[in-house]
Structure formats: C-alpha cells, structure tokens
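There are 2 protein chains.
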Amino acid sequence: MPSDAEPAPVSAKTPVTLREVAAAAGVSVATASKALNGQGRMTAETRERIRETARQLGFRPNHLAQSLLRKRSFTVGLLTNDTYGRFSLPLMAGVSDALVDNGVSVFLCNVEDDPRLGQMHVEAMLDKRVDGIIATGKRIDRHLPVDLSNLRVPVVYAFTQPDPGAVGLVSDDAGGARLAVEHFLRLGRRRIAHVSGPASFAVVHTRAQAYRDVLEEHSLPVSEPLLGQWSEGWGRDAVAKLFSNGRGREGWPDAVFCGNDQIARGVIDALRERGIGVPEDVGVIGFDNWEIVAEATRPPLTSVDMNLAALGREAGLALLSLVGGQPAAPGIRKLPCRLVVRQSCGRPPGG
Amino acid sequence: MPSDAEPAPVSAKTPVTLREVAAAAGVSVATASKALNGQGRMTAETRERIRETARQLGFRPNHLAQSLLRKRSFTVGLLTNDTYGRFSLPLMAGVSDALVDNGVSVFLCNVEDDPRLGQMHVEAMLDKRVDGIIATGKRIDRHLPVDLSNLRVPVVYAFTQPDPGAVGLVSDDAGGARLAVEHFLRLGRRRIAHVSGPASFAVVHTRAQAYRDVLEEHSLPVSEPLLGQWSEGWGRDAVAKLFSNGRGREGWPDAVFCGNDQIARGVIDALRERGIGVPEDVGVIGFDNWEIVAEATRPPLTSVDMNLAALGREAGLALLSLVGGQPAAPGIRKLPCRLVVRQSCGRPPGG
DNA sequence: CTGAAAGCGCTTACAG
DNA sequence: CTGAAAGCGCTTACAG
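Protein sequences appear in the order of chains Y and S. Taking UniProt numbering, the leading residue of the first sequence gets 1, the next gets one more, and so forth. Taking UniProt numbering, the leading residue of the second sequence gets 1, the next gets one more, and so forth.
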C-alpha cells in the first residue's frame, strides 16, 4: 500500500464497514476488529497494516453496533423544564463539557411542565438506551413533571428536587448569601438591608436566614427582609420603602443585598433617581451574576455567582461514575458560590 | 393469561427482549416482531395475544437494534456556538419541538468557536449515525467553525451562514425593519431615526437599508443611521447625539428605531433622564423582542420578534424531509418577523 | 397462518 | 499468531 495514498474523504455516501477494511487488508473481520481495538495478539506489522488500511478507507466504527454489544451507548439524556432560562444554560454547558471529554453525547429534552411530554421524552431516551439521565430545573424545591425514581439507569439531579435516595447537586445558597453580607461588612457597611423574591421559593428563605445569621454573629441589627417579586419593578418599590423620609435619613441602609440581579438593577436605578449615590452612599449586591444585567447597571453590579457551569460538570461526572458502577452517596451535595466584584460596593474604608 | 395481571414495572433492571416476549407468548421471534409492528399475516387473535404479552412484560424495543437494521437512528445533531445566547435557545426549542413529534431525539453540541471541538462533535455524531444535522449560530454572516459541506447526511442551516448549495433558514430582517418603520408612520411619526449595532454585522446593513427604503417610499427625510455597539451604553450615547441642543428642538426625532432591545433600553433610559417623554414625545421600537429586556423598560418596549421558535420548527421539518429523501431547494429561505406592540410608541393620532 | 434463516455491523470467547 | 463461530436485539424476505 503506497504510503502517499490519500485518505478517503469522510464524505463517502455509505460508510465503510469493518468487513471492507478486513477484505482490503486481507484478514478476517475478527482480526481487523482486534487490530483496531488494541485487543488480541498479533504481529505489530499486521496490526499496523490493518490500521493503515482503515485510515485510508476512512473507516469509522458504527457506534450503534458497538453499543448493542457493549450494552452501553455512550449517550445520556438531559431533561430540563427551563429551555428559555438562564439557569439551565450554563448548567448544560458544564454537563456537556464534562461528558464530551468522555466521548458521551447528550440528548437534550425540554419537558416544559407537561407530564405527558416528560413521559414521552423519558421513554424515548430509555428506548435509545441512554446510559443515564440528568434532570435539571430552575428551582431546587420543585420536581420536574416526571417520575424518575425507578428507572433502570442512574439519575442525577441538578438544581431541582431530587427523589429520595438519589444524588442531587445544588449551589450553596446560604454560603453565597454569607459571601455577600460579609463583603459588605468588610467594606465597613453596617446597616444592611435584604430585598428578595417571593416567599414561595425555598432559596428566598435560605438566603434570608444566612443574611440574618451573619449579622447576628456580628451583633449587628437585622432588619426584616423585604419579599416581593423577582423583578426590577419590585427593586424600585423596595427602595421607596427602605428610603422613605418617614424613616429618617439616619435610618436608611448603607447596603442592600438583593435576591437576584433584576431586583438589584431596580434598586440601583431607583437610588440614582433619588440622587442617592451608589456605591458612595449605598452598596448593592445582586445574586445570579447574570452578566447581561450585572454589566449594564450603572455602576456595574457586584453579584453572587452560583457557578452553574461547575455544578453541571459535577453532575456530569457524578452520573458518569454511577454509570461506571461506582456507588455514590445519595443526598444533596452543595457546591460553593463565588462573589464577582464589580463597582456597586466601593472600596474598603482604608483602601 | 389473566386479564387482571398487572403490567410489569418499567423499572425492570434489565430490559425485556423480543425473545422473551416470543417465548412467553409461545411463538417465534419473527412472529412476535411482526405482531408488534403490524406486519405479516396472522389471526387477529394471535396478534392480540402477543401484544398483550408484550404489554404485560413491559417490552420496549431496543432502538439501537432497530436503527442498525433500518439504517436510520431517529436521532439528529444540533450544532451551535451560542450556548449562552438568547438566539439559539428559542430556536432549539422550535427544532426539538418539531422533531419530538416525529420520534426523533436531538443531540445538542456546543462547539464554541473551536474548530477542533467542532470536528470532534461532528465525528461523534456521525459515529452515532445521526440522520442529519442542524447548524445554528448567532449570525447569518458567520460560519460555524466546522466544515459541514460534504457529509453523508443532510444538513440544514438556521441563523448561520449556509454552505453553497445547502438549505438555510433566516429571519426576514428587512421585513422586520419595515414593520417597525411602517408602524411609526401609521402612528403619525415623521422624523424617524435609526440607531443600530456595529457595521461589521450584515443585519445592521439589511435593517438600515429597509429603514431607508420605507422612508424614501414615503418621501420622508432619511437621516443617516447611527452605528455603534449592541449595548445600552451606546443607546444612551446615541440619544446625546440625536437630541443635542445644537440640533435645535425642531430637529429632534419623534421616533427611534433601534437595532436591538438593549440599545432601545439605553435610548428610553436616556430620554427619561432628559425629561423627554416616551411615547408622548418620542416613540421607540427595539429588535429581538427579548422579553426580559422589553418588559422591563419604562414604558415596556414595542419590539420586532424574529419568530425564532418558528424558524427552528421549519429547520427541523426541512431536515426531516431531506432525511426522508425529498429534495429541497437549496438557498436561503427568509421567514417573516412580527411586531410585538407594547407601550413605547403610543396610540395612533385619532386613536 | 407461522417459523427458520440470514443479516445489520460489530466484539469476544474459543479453537487451531 | 489468526480465523470461524456465536451472538447483541431486532427485521425481513423466503419457505412451508
């Protein structure tokens, strides 16, 4: 076989099979298979000749056939009900990132909030013999509209309520809130308010509790968190309450920790409109680190980042090890958040 | 077989095979297969008995095996370089929506802008014998970092530069721009400005040209479009230029058509800060209809929606028909936009 | 009307 | 060192 022969174009309309490679190399299919997989015993020369033939023919093994034999499809399903959301996206990127390196592809399924659609997708994935499933959502305190509790493949939950006995990954919201409040303290702020979303969200309470804890640990006054919507409008309304003249200027906060970035943006806009300076008079911190919002506020917003991509990676790796037969401790694992400092809090007093 | 027997739980750890169904029903695998697929001739009674057995055993055919035979995997690949982006998301939802109804699952692959990663993903998909590939991006004038021009499966391009001879779907940006400008005209606005993104984007010119065309058709003055960034900051800067005192109040626009929603938000904020009323004094229209932005502006923003989900659906259906062997006219197909009216333009003069 | 056989593309004991 | 055989789970001509 001349060594300057060109490799066949991948574009061949019908894929070349092992049988053809074997024929071209003058060996049996079994030998060809072994040569390419590094299995069996044979002369280095034979092995290399077969490999070279395969290369020239542009041979690529049919994974469907391999999967059938191996009982492993190198495929996983990713279930979400947050297609449009900003949460599942970075998460998915992380999942896919972790899995691609291991040669596994991911089926993306959006199940909306439709149990019938969810059921359909899960069955389709099972029929296609996925090795496992990752379920992601937009809230840790809500289930996807599907029962994944008794499947014959492992399931990992990320950012959504896990079934009992299953493994779930979430961000450490309490830790994230601590990061924010402690940052304020470090900057010398002492009258710290908290404006957050609806009481119906578990994270609202988790974050509020951490806020209280930190202040109490420092023997500072805790003002009751203001709960409302996850919106800019509510952020503006909250400013009207917090900075009312009735309260007296000295009663005004010098820092506001917000439950998400949209609230924070509303807060910053309303403060500016009242002539209150950010960060000179008041520091503001958001949650989510949604760049498109955080970078557009004036000044740019310091915000807690939940490290969703990392969370996705962990979820992917956890699933992989379950698929590989490694037992995993069931229960919820919390991953740390990080604070992304921009310009809405100012510099430390002596800084 | 007692009719009140419970169907086996789907959770059986090892899936039941056709062979087991056949054995339980006392027929051959061939007959069982035909019974379940509605093929072959047999008594209705036999067929029903086999079906009932399959149901009771919780039989689900192994798609890997079926695919191997049928040479069709009912699987497609979706390639994107816009994981975090708001464009590919609705688009993906549409694609997936169109395909799920046909029993096809989609592999999602984010190739970033990395040719090596792109190559890897394409090969993985091909190895898994996808029936076809949909390539989506964030710009019609940019290629994905992969060569998809000579694959052995059909490819459809959505919202990204198609290869010559391939089929591509994009939004009709000129039409969308017309929608916006004509809406202003209908409301009696006559001094319409256009603020858009960088000149390096093809859509910037397409939309600007349509803006000019409409005004010329109505013999109205065309002011040169202001090009800058796709950002709120640029929207604010543009207002400073458009509404400078030097120009004289009577030279101020009474409408601003913006190249995207972020620019529009900057424009609205800046106008409010200058005490210019929206929509009383100036109407504003954005592009993209990115709800999170459009609904948060004060007042809420009227915006051109590119119907990306519909575009995704069309892409999915186009691919399906190509996979089915139907020839498709190559070239770019443009899908209409629609105007989503909120409150940033006011009501018609006599309205 | 039903079943035995061949085969999709590959891998893996098992012989020689 | 290499090959023939059996088999993954299914489908589809082809006999009977």
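Every residue, glycine too, gets a C-beta built ideally from N, C-alpha and C.
Relative to the C-alpha of S:L215, which residue among S:L185, S:H205, S:G246 and S:A238 is closest?
-> S:L185
Any idea which residues DSSP pairs Y:I268 with across the strands?
-> According to DSSP, Y:I268 bridges with nothing at all.
For the beta strand (DSSP E) containing Y:T17, list its first residue and its last residue.
-> From DSSP, Y:T17 is part of no beta strand (DSSP E); its letter is neither H nor E.
Hey, how far is the Cα of Y:A166 from the Cα of Y:G331?
-> Roughly 6 Å between the two C-alpha positions.
Determine which residues of the UniProt domain "HTH lacI-type" (16 to 70) of chain Y have a Cβ less than 8 Å from any Cβ of chain S, and write them out in chain order.
-> R60, P61, N62, H63, L64, A65, S67 and L68
In chain Y, which residues lie less than 7 Å from S:A166 when you measure between Cβ atoms?
-> In chain order: nothing, as chain Y lies at least about 14 Å away.
Within this structure, are the beta carbons of residue 352 of chain Y and S:V106 separated by less than 8 Å?
-> Absent from the structure is residue 352 of chain Y, since the part of chain Y shown begins at 1 and ends at 351.
Neighbourhood of S:G132 by C-beta distance below 6 Å, restricted to the same chain and skipping five residues each side | V76, V153, P154, L319 and V323
Excluding five sequence neighbours on each side, which residues of the same chain lie with their C-beta closer than 8 Å to the C-beta of Y:Q119?
-> V146
Within its chain, find whatever has a CB closer than 6 Å to the CB of Y:V122; leave out the 5 residues flanking it on each side and keep chain order.
-> V146
Within 8 Å, strictly: CB atoms of S:L335 and S:D127 = no
Could you work out which residue in S:R207, S:P253, S:S244 and S:C337 is closest to S:S223 when comparing CA atoms only?
-> S:P253
Quick one: what does DSSP say Y:Y211 is sitting in, helix, strand or coil?
-> helix
Roughly how many whole angstroms lie between the Cα atoms of Y:Q209 and Y:A174?
-> Just so you know, the alpha carbons of Y:Q209 and Y:A174 end up roughly 8 Å apart.
Within 9 Å of chain S by C-beta, residues of the stretch 82 to 97 of chain Y in sequence order | T83, Y84, G85, R86, L89, P90, M92, A93, S96 and D97
7 Å Cβ shell around Y:Y211 - same chain, five flanking residues per side excluded = A177, V181, H194, P225 and F257
Roughly how many angstroms separate the alpha carbons of S:F287 and S:M306, rounded to a whole number?
-> 8 Å
So what's Y:A193 in DSSP terms, helix, strand or just coil?
-> strand
Enumerate in chain order the residues of its own chain whose CB-to-CB distance from Y:F87 is below 7 Å, with the five nearest sequence positions on each side excluded.
-> K138, F159 and L308
Nearest-angstrom Cα separation, counted from S:L69 out to S:P7 = Reliability fails at S:P7, whose pLDDT of 43 lies under 50, so the model's placement of it is uncertain and the value that follows must be treated cautiously. Computed Cα separation, rounded: 29 Å.
Check whether the Cβ of Y:G286 lies closer than 8 Å to any Cβ atom in chain S.
-> It does not; no Cβ of chain S falls within 8 Å.
Report the residue ranges of all beta strand (DSSP E) runs contained in full by the stretch 241 to 265 of chain S; include only those spanning at least 3 residues, in chain order.
-> 255 to 258
Can you give me the Cβ contacts of S:A270 inside the same chain, cut-off strictly under 6 Å, excluding the 5 residues immediately before and after it?
-> R236 and V239
Top-ranked residue by Cα proximity to Y:N110, from Y:V100, Y:V340 and Y:L89 | Y:L89
Cα-Cα separation between S:R347 and S:L187, rounded to whole angstroms = 7 Å
So, helix, strand or coil for S:L226, using DSSP?
-> Three-state result, S:L226: strand.
Do the CB positions of S:V293 and S:R272 come within less than 8 Å of each other?
-> no
Just the chain Y side, please: which residues come within less than 9 Å of S:R129 by C-beta, in chain order?
-> P15, N62, H63 and L64
Per-residue DSSP class, three states only, for Y:S11 | A caution first: Y:S11 carries a pLDDT of 42, below 50, which makes its placement in the model unreliable, though a value can still be read off. Correct three-state label for Y:S11: coil.
Alpha carbon to alpha carbon, how far is Y:M1 from Y:A24?
-> Reliability fails at Y:M1, whose pLDDT of 36 lies under 50, so the model's placement of it is uncertain and the value that follows must be treated cautiously. In a straight line, the C-alpha of Y:M1 is about 10 Å away from that of Y:A24.
Is there a Cβ from chain Y that is less than 8 Å from the Cβ of S:G103?
-> Interface residue, yes.
Work out the CA separation of S:N81 and S:Q326 for me, nearest whole Å.
-> 28 Å
Do Y:I140 and Y:V95 have their C-beta atoms closer together than 8 Å?
-> Their beta carbons are not under 8 Å apart, which means Y:I140 does not touch Y:V95 by this criterion.
Contact set for S:G197: own chain, Cβ-Cβ below 6 Å, skip 5 residues either direction | V204, W230 and G259, listed in sequence order.
Going along chain Y, which residues have a C-beta under 8 Å from S:A124?
-> V100, G103 and S105
Span separating the alpha-carbon of Y:P299 from that of S:G283 = 27 Å
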